[in-house]
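A.B. asks: Before anything else, here's the structure in question.
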């Protein structure tokens with residue numbers, strides 16, 4: 001896949017548009033959820049979505065099984081993504097309840113969701129600006145069609161506070177979120193007509209001091225959970 005910044009590969013989709021309307025209606029009816037004050041993207045926050053105990057349990061799982069984070073597309077920049085990821089077991093007791101609670105929050109069937117994935121950013125680690133949706137002109141797009149198609153919504157939860165750095169920055173939407181333990185941030189990767197929304201471009205900014213732990217859950221437009229249960233350890237990596 002080409003990594004040309006600014007190029008959006010995708011077309012309108014009534015199905016994705018309906019998913020967007022349904023999730024927005026559900027989130028805006030939840031008194032714990034607030035919409036971010038930006039015009040070009042649908043971004044929502046839910047403070048204290050996870051308890052301290054749940055955050056600690058997920059951090060322990062992430063730290064027990066880290067690996068270098070990867071990309072679906074190649075990059076010539078060795079500093080593009082330098083974090084570690086952890087493949088969380090979908091059916092484990094500490095993961096399943098949280099996995100399903102996130103799906104219930106958005107009102108998207110859990111079988112449409114990739115498995116919760118953990119990420120860890122040590123000092124000096126980062127993830128440069130990228131989008132979570134798939135480019136439909138990419139070499140990998142056919143494989144994505146076979147596993148639920150396009151990503152619609154992303155939900156991310158901060159598991160730890162960070163002393164300095166590590167914010168999630170949406171440069172085109174004009175907002176950034178400082179890591180705060182338990183805070184969930186969710187956004188629609190699509191525009192209202194179901195076209196990929198380039199204004200969801202976001203960056204995991206470099207951690208200066210401390211360690212940032214997060215979990216991320218990506219939702220597809222169709223069923224992702226198709227194969228036998230034992231084959232599911234994690235989802236795929238970020239697309240760009």
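Residue numbers (this note's numbering): 1 to 240.
Glycine is no exception: its CB is placed at the ideal position from the N, C-alpha and C atoms.
Note that this is a predicted model, so its numbers are computed, not measured.
Going by CA-CA distance only, name the one from 9, 95, 24 and 208 that's closest to residue 108.
C.D. replies: Working through the chain shown from its first residue, we reach residue 108 at position 108. Closest option to residue 108, Cα to Cα, is 24.
A.B. asks: Applying the criterion that 16 or more other CB atoms from any shown protein chain within 10 Å of the CB defines a buried residue, is residue 217 buried or exposed?
C.D. replies: For the purposes of this step, residue 217 is taken as residue 217 along the chain shown, with counting starting at 1. So residue 217 ends up on the buried side.
A.B. asks: Can the beta-carbon of residue 224 be found closer than 8 Å to that of residue 148?
C.D. replies: Numbered from its first residue, the chain shown carries residue 224 at position 224. Numbered from its first residue, the chain shown carries residue 148 at position 148. For residue 224 and residue 148, yes; Cβs fall inside 8 Å.
A.B. asks: Excluding the 5 residues preceding and the 5 following residue 259 in the sequence, name in chain order all residues of the same chain whose CB lies nearer than 6 Å to its CB.
C.D. replies: Residue 259 falls outside the range modelled here, since the chain spans only 1 to 240, and no answer is possible.
A.B. asks: Following the continuous alpha helix (DSSP H) through residue 20, name the residue where it begins and the one where it ends.
C.D. replies: Along the chain shown, one-based indexing puts residue 20 at 20. Residues 14-28.
A.B. asks: Tell me the rounded alpha-carbon separation between residue 150 and residue 220.
C.D. replies: In the chain shown, counting from the first residue as 1, residue 150 sits at position 150. In the chain shown, counting from the first residue as 1, residue 220 sits at position 220. In a straight line, the C-alpha of residue 150 is about 5 Å away from that of residue 220.
A.B. asks: Between the alpha carbons of residue 67 and residue 86, how many angstroms are there, rounded?
C.D. replies: For the purposes of this step, residue 67 is identified with residue 67 of the chain shown, where counting begins at 1. For the purposes of this step, residue 86 is identified with residue 86 of the chain shown, where counting begins at 1. Between residue 67 and residue 86, the C-alpha separation is close to 6 Å.
A.B. asks: Which value, in whole angstroms, describes the spacing of the CA atoms of residue 20 and residue 81?
C.D. replies: In the chain shown, counting from the first residue as 1, residue 20 sits at position 20. In the chain shown, counting from the first residue as 1, residue 81 sits at position 81. Cα to Cα, the separation comes out at about 29 Å.
A.B. asks: Which word fits residue 15, buried or exposed, when buried means at least 16 other C-beta atoms lie within 10 angstroms of its C-beta?
C.D. replies: Counting from one through the chain shown, the residue named residue 15 turns up at place 15. Answer is exposed; the Cβ neighbour count stays below 16.
A.B. asks: Quick check on DSSP: helix, strand or coil for residue 32?
C.D. replies: Here residue 32 is taken as the residue at index 32 of the chain shown, counted from 1. If DSSP states are grouped into helix, strand and coil, residue 32 belongs with coil.
A.B. asks: Excluding the 5 residues flanking residue 180 on each side, which residues of the same chain have their C-beta closer than 8 Å to its C-beta?
C.D. replies: In the chain shown, counting from the first residue as 1, residue 180 sits at position 180. Cβ neighbours of residue 180 beyond the five flanking positions: 47, 158 and 161.
A.B. asks: For the beta strand (DSSP E) containing residue 242, name the first residue and the last one.
C.D. replies: A query on residue 242 cannot be resolved here, the shown segment of the chain reaching from 1 to 240 and no further.
A.B. asks: Rounded to a whole number of angstroms, what is the C-alpha to C-alpha distance between residue 54 and residue 94?
C.D. replies: Counting from 1 along the chain shown, the entry for residue 54 is found at position 54. Counting from 1 along the chain shown, the entry for residue 94 is found at position 94. So the two alpha carbons sit approximately 8 Å from each other.
A.B. asks: Compute the distance between the beta-carbons of residue 145 and residue 172, then report whether it is under 8 Å.
C.D. replies: Residue numbering aside, residue 145 sits at position 145 when the chain shown is read from its first letter. Residue numbering aside, residue 172 sits at position 172 when the chain shown is read from its first letter. No. Outside cutoff.
A.B. asks: Is it buried or exposed for residue 231, if we count other Cβ within 10 angstroms and need 16 for buried?
C.D. replies: As a first step, residue 231 is located in the chain shown; it is residue number 231 there, counting from the start. In this prediction, residue 231 has a pLDDT of 46, which is less than 50 and means its spatial position is unreliable; what the coordinates show is noted afterwards. It counts as exposed.
A.B. asks: Could you say which of 191, 205 and 213 lies nearest to residue 43 if we only look at CA atoms?
C.D. replies: Locating residue 43 in the chain shown gives position 43, where the first residue counts as 1. Checked all of 191, 205 and 213; the closest Cα to residue 43 is 191.
A.B. asks: Can you tell me whether residue 285 is helix, strand or coil according to DSSP?
C.D. replies: Because residue 285 is not part of the residues shown, which for the chain are 1 to 240, the question remains open.
A.B. asks: Taking all protein chains shown into account, do 16 or more other C-beta atoms lie within 10 angstroms of the C-beta of residue 124, making it buried, or fewer, making it exposed?
C.D. replies: On the chain shown, position 124 is the one that residue 124 refers to. The residue is exposed, with fewer than 16 neighbouring Cβ atoms inside 10 Å.
A.B. asks: At 4 residues or longer, what runs of the alpha helix (DSSP H) sit wholly inside the region 156-207?
C.D. replies: For the region 156-207, not a single whole alpha helix (DSSP H) run of length 4 or above is found.
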